[in-house]
Each structure stands twice: as structure tokens, then as C-alpha cells.
Amino acid sequence: MSKRKKQLLSAAGGTLIVALTVLICYLVFTKNEDLNLKYDDNATVGIMPGIDLDARRKELQDALDRSMIAYSINTSPVFLNGTSKGNLLIENPGNNAKLLRVSIKIDSTQEEIYSSEYLKPGTYIDSVALDKVLEKGTYDATAYFLAYDEADGEYIGETGAQITITVQN
580 MSKRKKQLLS AAGGTLIVAL TVLICYLVFT KNEDLNLKYD DNATVGIMPG
630 IDLDARRKEL QDALDRSMIA YSINTSPVFL NGTSKGNLLI ENPGNNAKLL
680 RVSIKIDSTQ EEIYSSEYLK PGTYIDSVAL DKVLEKGTYD ATAYFLAYDE
730 ADGEYIGETG AQITITVQN
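Residue numbers (the working numbering): 580 to 748.
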């Protein structure tokens, strides 16, 4: 291939790359225009006059704290046998500001094998025996954390964690 053909081929390749880059940028930056969003001309950018920023931040943080459920659990607890205590290591962290109850159910049967009483923030359960005797084996389960308002006991919501329970004998 001659030197001239190589130069033409390189120039054509470079032009193609630039054209593709321009096309991609156009598609990316004009995507929002396709939504046909109409913004209110009367809207003002900023925070309403007279709003106390510290009070607003506290309100937002309180709402966030209320909506989030913090917890800790051993995802691979081990029990020597079906009646022994195992290392569940369930914790309601001190910053949670909610009461927690824990319910553990076997995934395949939905049978509840453990249920705790309320845990105050800043408390934990190190080891505990299950409420149901399990045979030797490995069990996929879900630990459900039910959250309640600390002041009035009102149910807030729940979340869950997958765990694998091992019964050795």
C-alpha cells in the first residue's frame, strides 16, 4: 500500500472517529430534551425566605433516620446441635433510634425458628438457642428486622438479611 493511500485511510479513520464522538455527545446531551419536560417559569432557585437552615437539616435528618433501619447479624451462625446456643450476634446499633424485633424464618418453608423480644438501641444478643429444634445440616434463612418507634411503639417497617444456619450435629 502506498504512502498516499495510508494517509487517506488514516484521515478517513480519524474523521469517522470524530463524527462518531460528535454523534454520541449529541445523543447524550440532548436526551433530556426528548422528555419534553416543562419547567415552571415562576419557580425561584434556592430556599424559601424565613426558613431556618439548621431546623430544616434536623427535619431532613430525622426523616432519614426514621426511614432507615440499622442492624447487624452474623450471616453464618453455627450451632453445635439443634438445641445448643449459636453465635447469632444480633445488634441494634446505638445510632438506630428504633426498637427492633428479629424473626428468623427458613426460606424453603417459611417456618419461624427464632423470634426475639424488643431490642433497645445500643443492645445486642451474642448467642441464643433457636425456638425450633433443627436437625444436622445447613439451612438458608432470612432474618427479618421489624422496627418500632422508640417513643410510642408504633410499627415503622422491616428489612431482612439472608443468612445460612449450620447445625453441626
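Built from N, CA and C at the ideal position, the CB exists for glycine as well.
State the CB to CB distance for the pair Pro710 and Ser687, rounded to an integer number of angstroms; the pair is presumed to be in contact (CB under 8 Å).
Note that residue 710 corresponds to Asp in the displayed sequence, not to Pro. Asp710 to Ser687, Cβ: 17 Å. No contact.
Taking the straight line between their C-alpha atoms, what separation do you get for Thr654 and Tyr718?
12 Å
Would Asn675 be called buried (16 or more neighbouring beta carbons within 10 Å of its own) or exposed?
buried
Is the separation between the beta-carbon of Thr738 and that of Ile648 shorter than 8 Å?
yes
Given 8 Å, three or more beta-carbon pairs between the stretch 696-709 and the stretch 657-675:
yes
Are Pro700 and Gly673 touching if we call contact CB-CB under 8 Å?
yes
Pick out the complete beta strand (DSSP E) segments inside the stretch 617-705, 3 residues or longer, and give them in chain order.
669-671, 677-685, 691-694 and 702-704
Using three-state DSSP, classify Gly736 as helix, strand or coil.
strand
Glu733 burial status per 10 Å Cβ neighbour count (16 or more: buried):
exposed
DSSP three-state assignment for Val712, whether helix, strand or coil
coil
Ile765 versus Gly716 - alpha carbon distance:
There is no way to answer for residue 765, as the model of the chain reaches only from 580 to 748.
Out of curiosity, what's the CA-to-CA distance linking Tyr650 and Glu670?
6 Å
Nearest to Ala642 (by Cα), restricted to the options Ile683, Asp728 and Leu616
Asp728
Gln747 in three-state terms, based on DSSP
coil
Does the Cβ of Ala681 have 16 or more other Cβ atoms within 10 Å, making it buried, or fewer, making it exposed?
Note that residue 681 is Val in the sequence shown here, rather than Ala. By the neighbour-count rule (16 or more Cβ atoms within 10 Å), Val681 is buried.
Return yes when the Cβ of Phe658 is within less than 8 Å of the Cβ of Val746, no when it is not.
yes
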